[in-house]
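Visitor: If you number the sequence shown the way numbering that gives the first Met the number 0 does, the last residue is 269 and the count never jumps.
Structure incoming, see below.
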Amino acid sequence: MDVADDSNPIKFFEQFIQSKEALALATFFSGKDTGKKCLIDQNGKCIAGEVNDQVKEDLMAIFYSKKSHAKEYFLKEDSAEIFLELVQPTIHLLIFGGGFDARPVSKLAQSLGWNVQVTDECVAHLAPVFFPDTKLSLCQREFVDRDFEITPFTACVLMSHNYEYDRDVLKKLLPSSTPYVGILGPRKRFDKMMDEFSTTGLNLSSDDLLRIHSPIGLDIGAEAPDEIAVSIIAEIQAVFYERKGGFLKSLNGPIHKREATTDQVLKRIF
Numbered sequence: 000m001d002v003a004d005d006s007n008p009i010k011f012f013e014q015f016i017q018s019k020e021a022l023a024l025a026t027f028f029s030g031k032d033t034g035k036k037c038l039i040d041q042n043g044k045c046i047a048g049e050v051n052d053q054v055k056e057d058l059m060a061i062f063y064s065k066k067s068h069a070k071e072y073f074l075k076e077d078s079a080e081i082f083l084e085l086v087q088p089t090i091h092l093l094i095f096g097g098g099f100d101a102r103p104v105s106k107l108a109q110s111l112g113w114n115v116q117v118t119d120e121c122v123a124h125l126a127p128v129f130f131p132d133t134k135l136s137l138c139q140r141e142f143v144d145r146d147f148e149i150t151p152f153t154a155c156v157l158m159s160h161n162y163e164y165d166r167d168v169l170k171k172l173l174p175s176s177t178p179y180v181g182i183l184g185p186r187k188r189f190d191k192m193m194d195e196f197s198t199t200g201l202n203l204s205s206d207d208l209l210r211i212h213s214p215i216g217l218d219i220g221a222e223a224p225d226e227i228a229v230s231i232i233a234e235i236q237a238v239f240y241e242r243k244g245g246f247l248k249s250l251n252g253p254i255h256k257r258e259a260t261t262d263q264v265l266k267r268i269f
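What follows is the structure in structure tokens.
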């Protein structure tokens, strides 16, 4: 690997990390440009590398289909097999509340490579010994929207066991772009929040209700903190990858769907 070469994988990885957004990547697997790569953003801007308009158009389509695939192109009297894929930032898990049951959630998320952050209003709840290798942030509820960068790749979990704190944090999260807000506790707890919001003229939209999960987690019979952590993390995984979280045996067809052209190209390459 030539580290001085602008097209080397390390530099592409650096560009991707810095972007903090979904990008589309084209990788040449054959032809005279084998090894060449190109990254573009959702506006069609080339972050690194270059490709022609034909490949660029197919890369842009990846943002909508979210399906990676290989395709053969005929470029300037040369054929090239190019793998087109969507690359997305790792999930950023923001946990509100540093209680004992937040620890297994943080630990499990870290084992998956997620970027985990725990925040609380009480400094005693944020002892590093309870959350090793986790970013800890002391933050008052009124500054949540100021102190945290919440993106479409941020999952927010409210598990402070403090009703008023969770309610106030939820209100701060509503204008954000997070696709997932999970609230620990029974459904009636969230119903009470909505009733209080409505008395102040704040009514949740249908989109808000879709991204708010209360009670939090998948129905797997979880009781103990470690079991509840599995339930929570599994639900977040399902939401971010647009899956239903059911039994795989109930699926009609393969677990992972691939384009037929991708199979043909990859068989020739590998």
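Each residue gets a CB set at the ideal place from its N, CA and C atoms; glycine is no exception.
Using a Cβ-Cβ cutoff of less than 7 Å, which residues in the same chain neighbour residue 125 once the five nearest sequence positions on both sides are dropped?
Guide: Once the five neighbours on either side are set aside, the close Cβ partners of residue 125 are 97, 117, 119, 135 and 137.
Visitor: Along the chain, where does the beta strand (DSSP E) containing residue 182 start, and where does it finish?
Guide: Run containing residue 182: 179-182, per the beta strand (DSSP E) assignment.
Visitor: Residue 232 lies in the alpha helix (DSSP H); which residues open and close that run?
Guide: Per DSSP, residue 232 belongs to the alpha helix (DSSP H) from 224-239.
Visitor: If you follow the beta strand (DSSP E) that residue 24 is in, where does it begin and where does it stop?
Guide: Where residue 24 is concerned, the enclosing beta strand (DSSP E) stretches over 22-27.
Visitor: Quick one: using the 10 Å Cβ neighbour count with 16 as the cut-off for buried, is residue 255 buried or exposed?
Guide: Answer is exposed; the Cβ neighbour count stays below 16.
Visitor: Ignoring anything shorter than 4 residues or poking outside the region 91-174, list the alpha helix (DSSP H) runs there in chain order.
Guide: Counting whole runs of 4 or more residues, the region 91-174 contains the alpha helix (DSSP H) stretches 101-110, 143-146 and 162-172.
Visitor: Quick one: what's got a C-beta closer than 7 Å to residue 160's C-beta in the same chain, skipping five residues either side?
Guide: Result list for residue 160: 96 and 98, in chain order.
Visitor: Could you have a look at residue 50 and say whether DSSP puts it in helix, strand or coil?
Guide: Correct three-state label for residue 50: coil.
Visitor: When you compare the region 223-237 with the region 171-184, are there three or more beta-carbon pairs, one atom per stretch, that lie closer than 8 Å?
Guide: Touching, yes.
Visitor: Between the beta-carbon of residue 153 and the beta-carbon of residue 107, is there less than 8 Å?
Guide: Not a contact, by the Cβ cut-off of 8 Å.
Visitor: Determine the DSSP secondary structure at residue 207, reduced to helix, strand or coil.
Guide: In the structure shown, residue 207 sits in a helix (DSSP, three-state: H, G or I).
Visitor: Just tell me which of 168, 100 and 90 has its CA closest to the CA of residue 109.
Guide: The shortest Cα separation from residue 109 among 168, 100 and 90 belongs to 90.
Visitor: Whose C-beta lies closer than 7 Å to the C-beta of residue 112 among residues of the same chain, with five residues either side of it excluded?
Guide: If we look at residue 112 and ignore the five residues flanking it on each side, its Cβ neighbours are 89.
Visitor: With distances taken Cα to Cα, identify the nearest neighbour of residue 207 among 173, 157 and 186.
Guide: Nearest of 173, 157 and 186 to residue 207, Cα basis: 173.
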